[in-house]
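Heads up: the structure comes next, in structure tokens.
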Amino acid sequence: MSGVISGFTVIFIVVGVGYVLGRTRVIGDHAHEVLSRLVFFVFTPALLFHSMVTSDLSVVFSATLVIAGGSAFLMGVVYVVIARLWLRRAVPELVIGGLSASYVNSVNLGLPIAIFVLDDASFIAPLLLFQILIYSPVALLALDLTALDRDSGRSLLRDSLVAPITNPIVVGGLAGLAFSLIGWTPPAAVMSPLKMLGDASVPAALLAFGLSLTGVAVFKKGQSPRRDIALASVLKMVVMPLTVYAVARWGFGQKGEALFAQVVIAALPTAQNVLVYATRYRRGQILARDTALITTLASIPTIMVIALLLA
19 MSGVISGFTV
29 IFIVVGVGYV
39 LGRTRVIGDH
49 AHEVLSRLVF
59 FVFTPALLFH
69 SMVTSDLSVV
79 FSATLVIAGG
89 SAFLMGVVYV
99 VIARLWLRRA
109 VPELVIGGLS
119 ASYVNSVNLG
129 LPIAIFVLDD
139 ASFIAPLLLF
149 QILIYSPVAL
159 LALDLTALDR
169 DSGRSLLRDS
179 LVAPITNPIV
189 VGGLAGLAFS
199 LIGWTPPAAV
209 MSPLKMLGDA
219 SVPAALLAFG
229 LSLTGVAVFK
239 KGQSPRRDIA
249 LASVLKMVVM
259 PLTVYAVARW
269 GFGQKGEALF
279 AQVVIAALPT
289 AQNVLVYATR
299 YRRGQILARD
309 TALITTLASI
319 PTIMVIALLL
329 A
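Take any residue in the sequence shown, note its place counting from 1, add 18, and you have its number in this note's numbering.
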């Protein structure tokens, strides 16, 4: 239980610093957008490359990859179907909402909880790999094709082929995986600066999240897409953990510590990366911001209840 409290304390402190910076305008009026772009174009690609190169891939290709990754993708699809049929949202908002309902905060909260609560950081690795190499590329490709302006002379097929290899996050993850698969690690002179830049990804994303809260009211009537946020939050914090419990227990026969770990991972809140993506493409920012905040607050009692029931 102390690990849960410690992990959330770290997050709230850094987000609080970002909020104070935003309120005081110490780093300017456009700090949120600039910081988000740094996270998107520099810090996160460096983090993904370094993480993939230094990871033991044999640990991540396991049942957890299917359970965690499959449930996350399922929640995203469920959101898209419901929001499309019920709320009639455009594709970019559907993508951001689907990510908000399923993209797990696997780094800045997942890793501390995996270490302090589950006593094994490898529990989070399969989901991290799925989100980096499969989920993010698919979502970012959809956003590249639907949220960005395309010249009339460019074909959708060309955009589909070019978008993945020009997205820095996708390139960083795939390049790191390629180096890991061939078993070659770049020299320390290359890896050290990449590690330094990658280490800035999590705190910068949290600071950007805190900056985004400045001068806004969460769930504000008339400005916030309340139904979208409520749908994404319920899917993320209620449906996803229950789905993982059912699949892990009755589909894979897991119990004890393994089952507990699966459900805790599913109950992690929406990652701040979703807000970074929303800011980059200028679509669904309020949806991503409010869902991330609500699920972060809701995950504290949720994980505590899971710990009492399953630990």
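Note that the Cβ used here is the ideal one computed from N, Cα and C, for glycine as well. Predicted model, so just to flag it, every value in this text is computed and none were measured.
Short Cβ contact (8 Å threshold) for residue i with residue j
| i | j | result |
| --- | --- | --- |
| Phe270 | Ala81 | yes |
| Ala266 | Leu277 | yes |
| Leu286 | Ser76 | no |
| Leu53 | Ile187 | no |
| Pro259 | Ala279 | no |
| Gly302 | Gly115 | yes |
| Phe328 | Val281 | It should be noted that the sequence gives Leu, not Phe, for residue 328. In this structure, Val281 lies closer than 8 Å to Leu328 by Cβ. |
| Leu215 | Ala49 | no |
| Leu224 | Val32 | yes |
| Leu117 | Val292 | yes |
| Thr184 | Met255 | no |
First and last residue of the uninterrupted alpha helix (DSSP H) at residue i
| i | result |
| --- | --- |
| Arg43 | Note, Arg43: premise wrong, no alpha helix (DSSP H); not H, not E. |
| Ser198 | Pro186 to Ile200 |
| Leu117 | Val109 to Ser118 |
| Ala250 | Arg244 to Val252 |
| Ser317 | Gln303 to Leu328 |
| Pro63 | Thr62 to Thr72 |
| Leu224 | Ser219 to Ser230 |
| Thr164 | Ser154 to Thr164 |
| Tyr121 | No alpha helix (DSSP H) contains Tyr121, which DSSP labels as neither H nor E. |
| Ile100 | Ala81 to Ile100 |
| Gln280 | Gly274 to Ala284 |
| Met258 | Met258 to Ala264 |
| Arg106 | Element bounds for Arg106: n/a, residue is neither H nor E. |
| Ala289 | Careful: Ala289 lies outside any alpha helix (DSSP H) and carries neither H nor E. |
Residue from the options with nearest C-alpha to residue i
| i | options | result |
| --- | --- | --- |
| Val40 | Phe227, Tyr97, Ala101 and Thr313 | Sequence inspection shows Gly at residue 40; the Val mentioned does not correspond to that position. Taking only the C-alpha atoms, the option nearest Gly40 is Phe227. |
| Ala160 | Tyr299, Val122, Val189 and Leu305 | Tyr299 |
| Ala289 | Leu305, Gly274 and Glu275 | Leu305 |
| Pro144 | Leu83, Thr203, Leu215 and Ala108 | Leu83 |
| Leu326 | Gly233, Arg307 and Gly274 | Gly274 |
| Val28 | Val189, Pro221, Gly190 and Phe79 | Pro221 |
| Tyr231 | Val122, Thr309 and Val99 | Reading off the sequence shown, one finds Leu at residue 231, where the question assumed Tyr. For the residues Val122, Thr309 and Val99, the minimum Cα distance to Leu231 belongs to Thr309. |
| Ser317 | Leu195, Val257, Thr297 and Trp268 | Val257 |
| Arg307 | Phe79, Leu146 and Lys238 | Lys238 |
| Leu192 | Pro211, Leu147 and Ile45 | Leu147 |
| Val189 | Val323, Pro205 and Pro155 | Pro155 |
| Phe79 | Ile142, Gly34 and Ala157 | Ile142 |
| Ile163 | Ala108, Trp268 and Gly46 | The sequence given here places Leu at residue 163; Ile does not occur at that position. The residue with the shortest Cα to Cα distance from Leu163 is Ala108. |
Integer Cβ distance of residue i from residue j, believed to fall under 8 Å
| i | j | result |
| --- | --- | --- |
| Gly94 | Ala119 | 6 Å |
| Ser89 | Thr261 | 5 Å |
| Ala165 | Pro243 | About 16 Å; that fails the 8 Å criterion. |
| Leu92 | Ala101 | The pair is not a contact, with the Cβ atoms about 15 Å apart (cut-off 8 Å). |
| Thr62 | Ser219 | 5 Å |
| Glu51 | Thr297 | 6 Å |
| Would you call the stretch 58–78 and the stretch 142–156 touching, i.e. three or more CB-CB distances under 8 Å? | yes
| message | Closer than 8 Å is the cut-off here; do at least three beta carbon pairs connect the stretch 57–65 with the stretch 244–261? | response | no
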